[in-house]
Amino acid sequence: MKKILIFTFFFLGILNAQISKAGQSGAKFLSLPYDVRSESMGDVGVSLSSSSPFVNPAIISTLNLKTIYGLAGFFWGVNNFAISYVIPSKRGNLGFWASGVYVGGMEGYEVDINGNINSIGNFSYLATQLGFTFSKFLTDKFSFGISSKIIYEGFGGFSNAYSVALDVGTYYITGFKDLLIAASIRNFGFDMKPSGQYTRYLYEAGLVETTATYTSYRLPTIFSFGLSLSVLSSAYGKILLAYQLNHPTDNLESHNIGLEYSLMNIIFIRTGYKIYVNSDEAVNGANGINLGLGVNYGRIGLDYGFYNKGILPPINQIAIHYKF
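The sequence shown runs contiguously to residue 323 in the working numbering.
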């Protein structure tokens, strides 16, 4: 058991060492929340039980029934969606899933060589990831999961880009009360480069029209480490406390704290907060407090999340999961 833990965290450490602070990345839809419970608690889902593999692929090893998960969100004119299907088996649990965003009705413009701005009609943006997950308990307390996925971005009829990437995660039951420790690396893959060419204008002894290829961009890779523990428990309810460290390639490191109160394992009230730390180790103001509600009835559950984004409009998401 100790050898497995040492190897796994050494492996995750190597991957994390490869995450450089690039400062910029594309395919930002990969950074959007796709697990309502996790995000409504401040993005602390790496160590939380879940019906989907979006935050940590190792989590689905805890599911012993077939599980369907679906999410819908609408914010800033963006349609956000996710769906997953998990199949448990003796050799390990399998997951099939997809998520992404769609934005339609955007008007496009182009500038000609004379500096005139001309409308080129409406266009849409579609971005999605399609994935397959395998997760298995290697011992009675430790599980490992890996997801492989294809990533696509379509920029109307102008261009598109593809990539492949991996998500890797671990999940450890410590044996101390219900303390759980987990870690994951998401979006570890190849750079993306839009297809085709675009027109640009250079001034070389006069204005010259030329063409150029698009610049490639990195994926928004993120390393997460977290733990969760019930701090108060009774026959009627429980308060769960969770902490998560996020180390992304294209943003500030954050320390996230979340709480969940469950009443009879039927009604759930959630809240969470993100604290961002800059390079000088000074704490900056977080976006705001996230909130959420959940209801479980038998094998079906419904979750709602409200995410405060500071000066930006809030995000609202709803998810449903069913076990059979």
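Every residue, glycine too, gets a C-beta built ideally from N, C-alpha and C.
Predicted model only: the values in this text are computed from it and were never measured.
May I have the straight-line CA-CA distance separating residue i from residue j, to the nearest angstrom?
| i | j | result |
| --- | --- | --- |
| Gly41 | Leu62 | 23 Å |
| Gly304 | Gly271 | 11 Å |
| Leu226 | His254 | 12 Å |
| Asn121 | Val110 | 16 Å |
| Ala81 | Gly287 | 24 Å |
| Leu206 | Ile119 | 23 Å |
| Ser233 | Gly309 | 36 Å |
| Lys176 | Leu231 | 11 Å |
| Thr212 | Leu47 | 43 Å |
| Leu292 | Gly76 | 24 Å |
| Ile86 | Gly168 | 18 Å |
| Phe187 | Tyr235 | 42 Å |
| Thr210 | Tyr202 | 14 Å |
| Phe189 | Lys27 | 15 Å |
| Ile314 | Tyr306 | 5 Å |
| Ser19 | Asp249 | With a pLDDT of 46 at Ser19, under the threshold of 50, the predicted position of this residue should be treated as unreliable, though the coordinate-derived value follows. Each residue's alpha carbon lies about 9 Å from the other. |
| Pro32 | Ser194 | 27 Å |
| Val369 | Thr138 | With the chain represented from 0 up to 323, any question about residue 369 goes unanswered, as that position is not in the structure. |
| Gly104 | Gln316 | 22 Å |
| His320 | Val294 | 11 Å |
| Ile274 | Tyr296 | 34 Å |
| Gly153 | Met263 | 45 Å |
| Lys135 | Ile145 | 9 Å |
| Asn78 | Ser123 | 12 Å |
| Tyr84 | Ser37 | 18 Å |
| Asp166 | Asn117 | 43 Å |
| Val102 | Tyr242 | 33 Å |
| Gly72 | Thr214 | 30 Å |
| Gly300 | Pro52 | 17 Å |
Leaving out five residues on either side along the sequence, give the residues of the same chain with a beta carbon under 6 Å from the beta carbon of residue i.
| i | result |
| --- | --- |
| Glu252 | His246 and Val276 |
| Gly156 | none |
| Ala318 | Val35, Leu70 and Asp302 |
| Tyr260 | Ile238 and Ile268 |
| Lys322 | Leu64, Thr66 and Arg298 |
| Tyr171 | Phe141 and Ile180 |
| Tyr161 | Tyr151 |
| Ser50 | Thr66, Tyr68 and His320 |
| Asn55 | Val45, Gly168, Ala181 and Ser183 |
| Ser158 | Pro193, Ser194 and Gly195 |
Would you identify the three-state DSSP class for residue i, choosing helix, strand or coil?
| i | result |
| --- | --- |
| Pro87 | coil |
| Thr220 | coil |
| Val54 | coil |
| Ser49 | coil |
| Thr138 | coil |
| Ser215 | coil |
| Gly44 | helix |
| Ala281 | The predicted model places Ala281 with a pLDDT of 39, which falls under 50 and marks its position as unreliable; any figure quoted below should be read in that light. Coil, per DSSP. |
| Leu301 | strand |
| Ser60 | helix |
| Lys322 | strand |
| Ser183 | strand |
| Lys27 | helix |
| Ser39 | helix |
| Tyr235 | coil |
| Gly188 | strand |
| Met263 | coil |
Identify every residue that forms a DSSP beta bridge with residue i.
| i | result |
| --- | --- |
| Pro193 | Partner(s): none; Pro193 has no beta bridge. |
| Ser123 | BP columns for Ser123 are empty, so no partner. |
| Trp96 | Ser83 and Gly130 |
| Pro312 | For Pro312, which the question treats as bridged, DSSP gives no partner whatsoever. |
| Leu201 | Val207 |
| Glu152 | Ala126 and Ala160 |
| Thr270 | Leu258 and Leu290 |
| Tyr33 | BP columns for Tyr33 are empty, so no partner. |
| Ser147 | Phe131 and Leu165 |
| Asn307 | DSSP, once it has assigned bridges, lists no residue as partnering Asn307. |
| Ala241 | Ser227 and Gly257 |
Spatial neighbours of residue i within its chain, please: C-beta separation below 7 Å, excluding the five flanking residues on both sides.
| i | result |
| --- | --- |
| Tyr208 | In the sequence as displayed, the identity of residue 208 is Glu instead of Tyr. For Glu208, where only same-chain residues beyond five positions count, the Cβ hits under 7 Å are Ile112, Thr198 and Tyr200. |
| Gly174 | Lys140 |
| Pro219 | Ser24, Ala26, Lys27, Leu29, Ser30, Asn186, Pro247, Thr248 and Asp249 |
Once the 5 residues before and after residue i are set aside, which same chain residues still bring their CB inside 8 Å of it?
| i | result |
| --- | --- |
| Tyr216 | Gln23, Ser24, Gly25, Ala26, Asp190, Met191 and Lys192 |
| Val163 | Ser147, Lys148, Ile149, Ile150, Gly188 and Phe189 |
| Ile265 | Val294, Asn295 and Tyr296 |
| Phe9 | Its pLDDT being 48, under 50, Phe9 is placed unreliably in this model, and the coordinates cannot settle the point. |
| Ser229 | Lys176, Asp177, Lys237, Ile238, Leu239 and Leu240 |
| Tyr108 | Ile116, Asn117, Ser118 and Ile119 |
Legend entry - the segment 128 to 136 / the segment 91 to 105 touching (three or more Cβ pairs under 8 Å): At 8 Å Cβ cutoff, the stretches touch.
Inset, instruction - Please confirm if the segment 75 to 95 is in contact with the segment 44 to 60, defined as three or more CB-CB distances below 8 Å between the two stretches. - result: The segment 75 to 95 is in contact with the segment 44 to 60.
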